[in-house]
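S.K.: Okay, here's the structure, questions in a sec.
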Amino acid sequence: MNISQKVINQIQKVLEKNQMKGTIEEETKLFQAFTIDSLIAIEILVSMEEIFNIVIEDDDLSLELLETPKTLINYIDNKLN
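Residue numbers for the sequence shown, in the working numbering: 4 to 84.
Pasting the structure below:
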């Protein structure tokens, strides 16, 4: 499974755990498509840190990081390479 698939699958898991269903693609506008609050956003980011064994720096925390799965995928890809 590549980075893109892992990110999308994990976002889907977190959203389903919080009773949100819907299709997620790389360009899905997450905050428009789902009712994501700050706790869910942090849950998504912490799960990415665990899955990819990375640290998301405090300076990098922003709504833009979770704008779409693609923005998060690009961030993680940059951290890994």
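Beta carbons are placed, not taken as given, at the ideal position from N, Cα and C, and that holds for glycine.
Since this is a predicted model, take the numbers as computed values, not measurements.
Examine the ligand HEM and report whether any of its heavy atoms sits within less than 7 Å of the Cβ of E46.
M.R.: The ligand content of the structure shown is nil, which means the ligand HEM is not present either.
S.K.: Would you mind reading off the limits of the alpha helix (DSSP H) that contains N81?
M.R.: As a working mapping, residue 81 is identified with position 78 in the sequence shown. N81 -> alpha helix (DSSP H) spans P72 to L83.
S.K.: Please report the Cβ distance between I14 and I45, rounded to the nearest whole angstrom; I am assuming they are in contact, meaning their Cβ atoms lie under 8 Å.
M.R.: Translated into the one-based positions of the sequence shown, residue 14 becomes position 11. Translated into the one-based positions of the sequence shown, residue 45 becomes position 42. Wrong, their Cβ atoms sit about 13 Å apart, outside the cutoff.
S.K.: Can you tell me whether L75 is buried or exposed, with buried defined as 16 or more other CB within 10 angstroms of its CB?
M.R.: The count along the sequence shown starts at 1 and reaches residue 75 at position 72. Result: buried.
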